[in-house]
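Only one structure is covered here, and it is reproduced in the block below.
Residue numbers (the numbering used here): 2 to 328.
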């Protein structure tokens, strides 16, 4: 699996490095520094680089490079996801905009987090709530007095995203559905491509270990070539938070889960069929005889009920760079 994790600054200097296997060394890290960081290829190249029979998988945060090295035939998506999770954990401990100075001032804490999230090159517990139970803020490790049996079950069990013993004076659940409509029209006004991408955000304040359940009024598209499909809301693909029981969802289309405490994203989905566009835009472009002026008229028609209203609607009309004035 992963042989080494390292963090480099924009100059290519290694700030943090942790070796999990002995099949790579610092010499290989120097090759990455010379061929990727010094060459400034990260903006155009793929996040996977093969150098001297060693694979480098990397991502960036501000001006720092988070790099995983391996000589094995690994799943690149898994390794990249671990790097994202490591950055997310560091954001929780050091702040959203942690920089090189924050990394150098908390090196002991970072090494502890890297050791807890990976064992012999295999990603382990990456849940921030569980890590905070026994790794406190600071540069020295301070363990919280927790029952060993509870701590072990939270680290290795199926519900490591929620600790036991949570208490709230009032049980509350907030659900927000955020959707984005992506639309491409031809010059004649016909729809070339449209899709809706959505996310279900939740904020839970529940006592104990509650099991939540709700259903979707949807029909997941498994085989688009089926002729007996009926009109309706069809979800082309969706991804869930790891707290969701996928077996239940496949069986009866209900989302059953024990939620983490606080804010989290429950699911993401994408819809491409039977989309009702919120607006219809009718353009009219007229060129003046002088060929130096263009008149553009846009008519925006709302397709939703008059009992609803839209806010913060912005229309952007692209014009040539040499345009001198627009009214």
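Positions of the beta carbon are idealized from the N, C-alpha and C atoms, including for glycine. Given the structure is predicted, the values throughout are model-derived calculations rather than measurements.
Would you mind stating whether residue i and residue j have Cβ atoms separated by less than 7 Å?
| i | j | result |
| --- | --- | --- |
| residue 18 | residue 70 | no |
| residue 84 | residue 60 | yes |
| residue 283 | residue 300 | yes |
| residue 65 | residue 129 | no |
| residue 2 | residue 175 | no |
| residue 244 | residue 256 | no |
| residue 32 | residue 53 | yes |
| residue 72 | residue 55 | yes |
| residue 172 | residue 264 | no |
| residue 110 | residue 103 | no |
Among residues of its own chain, excluding the 5 on either side of residue i, which ones have a beta-carbon nearer than 6 Å to its beta-carbon?
| i | result |
| --- | --- |
| residue 193 | 185, 187 |
| residue 167 | 262 |
| residue 22 | 4, 122 |
| residue 273 | 196, 237 |
Once you ignore the five residues that flank residue i on each side, which residues in its own chain have a CB closer than 7 Å to its CB?
| i | result |
| --- | --- |
| residue 48 | 58, 59, 60, 81 |
| residue 39 | 13 |
| residue 63 | 100 |
| residue 286 | 295, 297 |
| residue 169 | 206, 207, 208 |
| residue 77 | 49, 58 |
| residue 305 | 279 |
| residue 24 | 4, 72 |
| residue 318 | 297 |
Which class does residue i belong to by DSSP, given the choice of helix, strand or coil?
| i | result |
| --- | --- |
| residue 165 | coil |
| residue 210 | coil |
| residue 6 | strand |
| residue 303 | strand |
| residue 315 | coil |
| residue 21 | coil |
| residue 32 | helix |
| residue 50 | strand |
| residue 124 | strand |
| residue 39 | coil |
| residue 1 | Residue 1 cannot be examined here, being either before or after the span of the chain that is shown, 2 to 328. |
| residue 78 | helix |
| residue 248 | helix |
| residue 102 | helix |
By Cβ distance, which residues of its chain are closer than 8 Å to residue i, with the 5 residues on each side in sequence left out?
| i | result |
| --- | --- |
| residue 224 | In this prediction, residue 224 scores a pLDDT of 46, lower than 50, which makes its location untrustworthy; no coordinate-derived value is stated. |
Any chance the CB of residue i is under 6 Å from a heavy atom of the ligand MN?
| i | result |
| --- | --- |
| residue 204 | Here there are no bound small molecules, and the ligand MN is not part of this structure. |
Handout entry: the region 262-272 contacting the region 196-210, beta-carbon criterion three pairs below 8 Å
Key = Contact holds: three or more Cβ-Cβ distances are below 8 Å.
Problem - Minimum length 3: unbroken beta strand (DSSP E) runs contained in the region 258-305 - result: Segments of the beta strand (DSSP E) lying fully in the region 258-305: 263-272, 280-288, 295-303.
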